[in-house]
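In the numbering used here, the protein residues as written are 88 to 338. Take a look at the structure below.
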Ligand code: IPE
Ligand code: IPE
Ligand code: MG
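Right under this line is the structure:
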């Protein structure tokens, strides 16, 4: 089967729907707010759980495309520290789905050379979920094709609070705390700078995602609901990123 890159390159020679990928202008780290599962289900008169299941099905093609497009790291917002306020039944469904997904997708991702890491507080997560996280991180720790960070029970504010607590418990003096030191205390200090944030379902807000890391990220917001998000649109986002003029405060 022809690879996606080949298909991408092929499309280059076609005048319509062409996608141009310039490796020098490809984001190294893409962070995705996978939003809109509930609305996707509602529009079909289906229970919200069906939307979450449909959302999981999109993961493999998007991660595959990311790898082939030359992206080095992807962060997926799967469950926020605020999502606990949802009805108990939905939270339970999401945790169950997470376990099923881990079972089904972790071996597949491992085979493809992805390294999995989980961002967020482990406390409050059900024990089997913590075990699945540990297993996935351990199994994939030596892989180097693509880093996949899953933000689960994640909040940007809790990450900053947790970093601060750890700096204090390590006995750092105020003079030692600067931006470089602070960044070393985040959940994934080794991750490259977040270049691009994608948010599906049209909401123009950050919803407590990677508050520190997105300081200079570009934002691609699409009305497409997460279960309808395609490799094609992912590539369009990458291409759009390549057209941005990033000034980092300069002129
Ligand atoms: C995103 O979809 C998935 C999670 C937050 C877990 P939503 O469930 O937020 O879908 P909408 O926003 O209600 O459509
Ligand atoms: C953000 O979506 C969290 C995830 C995608 C996991 P939400 O649906 O929770 O965000 P709000 O409530 O619309 O801000
Ligand atoms: Mg939502």
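Where a beta carbon is used, it is the ideal one built from N, C-alpha and C, also for glycine. Given the structure is predicted, the values throughout are model-derived calculations rather than measurements.
Contact between residue 287 and residue 109 does not hold, since the beta-carbon distance rounds to 24 Å and is not under 8 Å. A buried status is given to residue 318, since no fewer than 16 other beta-carbon atoms sit within 10 Å of its beta-carbon.
Across the structure, residue 173 and residue 324 are spaced so that their CA atoms are roughly 30 Å apart. For the pair residue 157 and residue 301, the Cα-to-Cα distance works out to about 20 Å. Out of 234, 245, 187, the CA that lies nearest to the CA of residue 208 is found in 245. Taken from the Cβ of residue 289, every heavy atom of ligand 3 lies 7 Å or farther away. One thing to note: residue 258 has its Cβ no nearer than 8 Å to the Cβ of residue 297. As computed with DSSP, residue 210 is found in no beta bridge at all. Of the candidates 112, 334, 130, 113, 130 places its Cα closest to the Cα of residue 312.
Close CB contacts of residue 219 within its chain, under the 7 Å cut and outside five residues either way in sequence, are with 186, 189 (chain order). Contact between residue 235 and residue 201 holds, since their C-beta atoms are separated by about 5 Å, short of 8 Å. Of the residues assessed, residue 138 falls on the buried side of the cut-off, its CB having 16 or more other CB atoms within 10 angstroms.
As computed with DSSP, residue 305 is found in a beta bridge with 283.
Short note on residue 182: C-beta not closer than 7 Å to any heavy atom of ligand 1.
In this structure, the straight-line span from the alpha carbon of residue 192 to that of residue 264 is close to 39 Å.
Put simply, the backbone Cα of residue 113 is about 21 Å away from that of residue 275. When secondary structure is reduced to three states using DSSP, residue 237 falls in the strand class. For residue 167, the enclosing beta strand (DSSP E) covers residues 160-167.
In the assembly as shown, residue 333 is an exposed residue. Its beta-carbon has fewer than 16 other beta-carbons within 10 Å. Assigned with DSSP and collapsed to three states, residue 321 falls in helix. DSSP places residue 197 inside the alpha helix (DSSP H), whose first and last residues are 175-198. Residue environment analysis places residue 142 among the buried positions, since at least 16 neighbouring C-beta atoms fall within 10 angstroms of its C-beta. Residue 119 has 163, 285 as its beta-bridge partners, per DSSP. The beta carbon of residue 224 sits closer than 7 Å to the beta carbons of 203, 204, 205 from its chain, once the five residues preceding and following it are set aside; these are given in chain order.
Per DSSP, residue 128 has no beta bridge partner at all.
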